[in-house]
Amino acid sequence: MNLLAPSMFLLAADEAGSEVAEAAAEQAATGLPPFVALLIVIAVLVLPFVIGQLLANALKLKDLGFRMGVVLFAVTLGLSPFVTRMATGGNWRDAINLGIDLAGGTNMVFQVDREAAEAMEKDVNAELMDKMVGAVGRRINPSGTEEVTVRRVGQDRIEVIVPGADPERVERIKDRIVKLGSLEFAILANQFEHQDLINQARQLPDEERDLYRGTVLVAKWRPVARTPDGEPKPVGAGDGVAFRDVQRGDETIREFLVVVDPDPGRRITGRFLTRAYETMSDSGPAVGFTFNTQGGYLFQQLTARYQPREGAGYRSRLAILLSDEVHSAPTINAIIGASGIIQGQFDQQELNELINVLNAGALEVPLVEQPINEFSVSPLLGVDVQEKGLSAIMWALIAVFIFTLGYYMFAGMVADICLVVNIIMVVGVMSLIDATFTLPGLAGLVLTIGMAVDANVLIFERMREEQEKGSSLRMCIKNGFDKAFSTIVDANVTTLITAIVLYVIGTDQVKGFAVALFVGILMSMFSALFVGRLIFDICERKRWIKSLKMFGIVHAANYNFIGKKRFAAMCSAVLIAVGLVTVFSRGSDNLDIDFRGGAMVTFRFEGENEPTVDDVRAALESQFDSNITLEQLALTENGEEQTLFRMRTTEKDARTVSEGISTAFDDSPYDLVRQHVTLADVETIPEEATSEETTEEDATRDPFAGGSRVEVSLSQPMTVETFIGSFADALGQIQREDGAPRYDNPEAFLEAEGAAAGGPTEKQETIIVRARPNVPQEDFRTALASLKSEFESKPLFDEVNTFDSAVAGETQTDALLAMLFSLVAIIAYLWIRFQRVTFGLAAVVALVHDVLCVLGLVALAAYASGNSFGQMLGLIDFKINLPMVAAFLTIVGYSLNDTIVVFDRIREERGKNPAMTDEIVNRSLNKTLSRTLLTSFTTLLVVFLLYAMGGEGVRGFAFCLILGVMVGTYSSIFVASPVLVWLMNRDKVASRPAAAA
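Next up, the structure:
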């Protein structure tokens with residue numbers, strides 16, 4: 001059996017412990033001692049009820065004390081995350097978790113290589129994917145300090161979210177995910193076999209850890225890894241291994257000398273390891289590991305060279321390094337090939353830790369190198385989207401406040417108070433549950449404002465009816481709320497069904513909308529039915545109001561809506577037919593890359609020459625044929641409006657798209673925004689002079705003395721970490737005469753710092769780069785020139801979104817299933833609620849009508865966007881994507897809201913009458929007409945503001961909703977109600993022959 005017997009076994013980083021430590025650090029950062037945090041929790045839970053009871057006693061309304069406490073508790077709960085942030089010196093905005101589309105950053109989805117998994121006979125299941133997620137997380141965030149999210153999505157995919165990342169850093173993270181092997185197996189230098197190497201390494205200053213022969217790395221001092229408690233791991237110093245104790249800051253660090261094979265291709269890293277697993281040996285539990293064929297061959301050669309020799313008196317030690325730290329150094333007992341075991345007196349925790357470390361350098365199964373879906377937004381564009389979204393929300397609130405206050409007077413003021421409570425609770429609850437605010441989520445918040453008014457309008461119109469009957473104010477309030485209650489619940493439950501379906505099938509952006517919609521609907525019902533009722537009860541019982549005055553737009557309406565059903569049916573048929581012809585004529589042009597695969601990028605130009613849309617389109621079509629669509633966007637930067645262009649193409653590779661765009665404008669008078677690099681003169685770093693009095697201990701030689709130095713100015717700020725990584729890549733491309741890379745581990749030869757204050761992750765406009773004297777100035781200049789050429793050849797994108805064709809097909813299926821499940825769930829709910837399936841079927845007919853009408857109108861609008869009239873209306877070439885599907889499902893929910901209000905009144909007017917007559921339906925429609933028009937108006941007002949002010953990111957979404965509100969209002973009157981009458985009477989006619997028989 002192949003064995004590695006550890007002198008000291010490996011203790012991997014305890015992930016659970018690190019998470020606890022991070023949480024503790026975060027708590028410490030807030031500056032709140034535990035008892036203060038406890039007092040805050042108690043205050044939030046108890047104080048509102050105490051204050052509520054005191055207020056009730058002061059108002060002599062003791063029976064309302066608990067209800068007041070509930071309202072104060074809800075408001076306190078909503079405000080608590082923001083007040084806590086401000087109390088600890090932070091900004092209240094920090095409590096809001098912004099998505100990539102609002103804060104900037106990158107979202108990538110990688111897929112398992114299924115063919116490789118089958119060849120390795122690996123079953124791609126949940127357990128394997130969880131291991132893959134852990135390994136990817138450790139690859140890209142080994143310290144655990146970066147704000148990076150890695151999670152499993154679907155059955156065989158891993159999602160990586162990197163906030164605020166620039167394109168170069170994203171590319172490096174991609175390489176880490178699919179290529180990096182941070183795990184390494186290497187021999188510890190010992191005095192019996194490596195004395196010359198040890199002597200040379202001991203001459204290095206403490207600041208230097210790498211020993212080179214020329215430019216080839218041959219040995220390196222590496223520190224011992226630490227346990228989760230911060231203690232060094234117990235790696236023994238026996239068998240004559242070389243080590244040194246160096247001072248790093250205030251502590252002494254032990255470093256071992258690791259022998260490095262001069263040929264990088266022969267080094268055994270995590271790229272060869274296929275798996276590590278728990279197994280059994282003669283001495284008990286052990287860790288088994290397996291290499292692939294090449295790794296097994298190399299490992300066999302290495303262990304054969306250092307196998308035990310009889311009478312030698314020592315055994316060679318094999319270091320296991322992760323992230324350049326020595327985690328364990330077992331002794332080699334035999335020649336080992338493709339598989340072996342590490343045995344020792346392991347307990348279960350130690351065993352799991354060792355397996356975790358080994359698997360951190362090797363993925364269970366390979367990932368496809370290119371992400372199947374990538375979505376990137378620059379922080380600048382994200383801030384612009386934020387500002388436009390918040391502006392739309394503020395103006396929507398103001399518009400609704402003014403309208404409700406002006407139309408309903410005192411009742412309108414109550415509705416406005418309820419709306420403020422609603423917004424506080426929605427945002428607060430989303431912050432408390434750590435929900436992500438996305439751009440569609442902001443749109444959902446705006447939509448919630450419009451739909452929140454609907455519940456109040458239903459109540460107020462019921463109050464108006466009671467008042468017209470001569471009821472007392474107290475009875476008006478009681479009956480208004482009681483009679484509207486079931487209608488409000490029914491109407492909102494169907495929208496909740498839509499939100500749940502969206503959350504299940506949606507991407508992060510769509511889920512943000514679904515959560516905002518779901519929470520918004522719940523809070524709307526609470527604020528209207530509970531908060532509003534409480535305010536009315538207090539004001540009525542204190543005699544602050546004696547009657548309710550309201551404006552009325554419809555008085556004693558008596559329209560024969562059902563009599564117009566034939567004309568309405570003809571209009572609907574024509575609209576649907578024209579729309580569907582337009583949809584089919586556009587074909588796949590109707591679909592965004594979410595549903596057909598491809599790439600979407602946003603770019604801009606610099607300089608005085610500003611191209612028109614036609615200029616840009618003509619240049620791009622020379623590279624991409626006519627298979628593109630182009631939009632012009634506006635972005636405000638430092639108070640100045642910038643013009644951006646968003647291109648969609650069926651080409652799926654972002655690099656190919658980047659090259660194509662760059663080539664398209666190479667010879668044009670228009671300059672794409674690129675990363676321009678200005679290089680100062682390359683200087684030689686002077687050697688440090690030392691006086692005779694300087695002792696050997698005091699002298700600290702600069703390892704870069706005698707090397708090269710240059711100051712690099714960038715047109716677009718970049719992090720030092722990203723820049724030095726790109727420069728190391730350029731240096732690594734320089735080859736020796738035999739074609740092998742001249743520089744092994746090129747980053748070790750370089751150092752960089754920003755001219756301004758800030759760490760390696762702070763963006764800098766000027767970066768100072770230094771290279772060791774091992775790098776000839778000629779190579780230094782060559783790498784600089786290569787880097788400059790690389791940066792300046794690529795346009796900088798403000799937004800990148802790519803979709804693989806397979807993912808696009810799945811997205812289509814998910815969208816269709818979402819529509820189907822929504823309709824089935826809605827039919828089922830209405831069937832149960834109204835006790836007749838005909839109500840559900842009639843509602844679904846109206847829903848299908850609405851979706852088909854809006855679909856056709858969106859296609860017609862896309863055609864109209866090409867002329868001056870369409871551009872004046874702000875129309876663009878709308879494409880159906882997942883946010884659009886969210887809009888369609890929202891239309892379903894809104895249309896149902898209208899339809900259920902009408903159906904509920906029909907049920908009330910019908911009573912126990914077995915017949916469903918035109919007269920009953922007309923009477924119901926007329927009685928709900930005022931509510932229908934008012935709700936439609938306020939919702940239209942809100943979504944119009946969203947369309948006009950929310951920015952291009954939500955324009956298609958808002959346009960769908962505008963059409964949906966208008967068509968939904970029409971269909972609840974002229975489609976759903978006539979269909980209900982026809983279905984009910986058809987059943988009755990069909991049953992007569994059977995009854996006669």
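So for the sequence shown, UniProt numbering puts the first residue at 1; every next one is plus one. We put the beta carbon where it would ideally sit given N, CA and C, even for glycine.
Given 8 Å as the limit, tell me if residue i has its C-beta closer than that to any heavy atom belonging to the ligand SAM.
i	result
Val71	This structure lacks the ligand SAM, and indeed carries no ligand of any kind.
Hey, how far is the Cα of residue i from the Cα of residue j?
i	j	result
Val162	Thr252	35 Å
Ala103	Gly164	7 Å
Met280	Arg266	30 Å
Gly552	Leu620	56 Å
Met108	Glu374	4 Å
Thr30	Ser789	At Thr30 the pLDDT is 45, less than 50, meaning the model places this residue with poor confidence and gives no usable figure here.
Val504	Lys511	8 Å
Thr76	Leu55	16 Å
Val858	Gly911	41 Å
Pro371	Glu651	14 Å
Met916	Glu466	25 Å
Thr290	Gly236	25 Å
Arg139	Ser339	23 Å
Considering only residues of the same chain and omitting the five flanking positions on each side of residue i, which have a CB-CB separation below 6 Å?
i	result
Phe941	Correcting the residue identity first, residue 941 is Leu in this sequence and not Phe. Correct list, in chain order: Ala399.
Ala654	Ala599, Val800, Thr802
Asp537	none
residue 1068	As shown, the chain starts at 1 and ends at 997. That puts residue 1068 outside it, with no answer to give.
Asn292	Phe272, Thr274
Arg85	Trp92, Asp94, Ala95
Residue i and residue j: beta carbons closer than 9 Å?
i	j	result
Ile521	Ala499	yes
Phe797	Phe605	no
Ala219	Gln200	yes
Ile424	Leu79	yes
Val427	Leu447	no
Ala411	Leu529	no
Arg462	Ala484	yes
Leu841	Ile827	yes
Ala329	Phe256	yes
Enumerate in chain order the residues of its own chain whose CB-to-CB distance from residue i is below 8 Å, with the five nearest sequence positions on each side excluded.
i	result
Ala23	Reliability of the predicted coordinates at Ala23 is poor, the pLDDT of 35 falling under 50, and the value obtained from them is presented with this limitation in mind. None.
Phe704	Ile685, Glu751, Arg770, Ala771, Arg772, Pro773
Considering only residues of the same chain and omitting the five flanking positions on each side of residue i, which have a CB-CB separation below 7 Å?
i	result
Asp416	Phe401, Thr404, Leu405
Lys388	Met949, Gly950, Gly951
Pro978	Ile562, Lys565
So the candidates are the options; which of them puts its Cα closest to the Cα of residue i?
i	options	result
Glu121	Val365, Ala186, Glu606, Arg309	Val365
Val136	Ile372, Pro978, Arg151	Arg151
Leu945	Gln348, Leu442, Leu197	Leu442
Ser726	Ser786, Asp779, Gly295	Ser786
Ala887	Phe821, Val965, Lys927	Val965
Ala680	Thr649, Ser662, Thr766, Ser658	Thr766
Ile962	Gln716, Val673, Ile891, Gly313	Ile891
Ala730	Asn190, Ile51, Tyr559, Asn745	Asn745
Ser971	His849, Gly874, Thr656	His849
Leu188	Pro223, Arg736, Val421	Pro223
Gly288	Ala577, Ile355, Asn333, Ile826	Ile355
Asp702	Asp434, Gly587, Ser316, Arg209	Arg209
Ser614	Tyr212, Val515, Gly607, Ile628	Rather than Ser, the amino acid found at residue 614 in this sequence is Asp. That would be Ile628, whose Cα lies nearest to the Cα of Asp614.
Ile920	Gly893, Leu934, Phe903, Ser936	Phe903
Ile177	Gly296, Arg226, Phe192, Val112	Val112
Determine the extent of the alpha helix (DSSP H) in which residue i is found, giving its start and end residues.
i	result
Gly968	955-974
Val153	Run containing Val153: none in the alpha helix (DSSP H); it sits in the beta strand (DSSP E), 149-153.
Arg462	439-468
residue 1004	Lying before the first or after the last residue shown, residue 1004 is absent from the chain, which here runs from 1 to 997.
Locate the beta strand (DSSP E) running through residue i, then write down its first and last residues.
i	result
Leu59	Note, Leu59: premise wrong, no beta strand (DSSP E); not H, not E.
residue 998	The structure shown has nothing for residue 998, since the chain only spans 1 to 997.
Tyr277	273-281
Ser708	708-719
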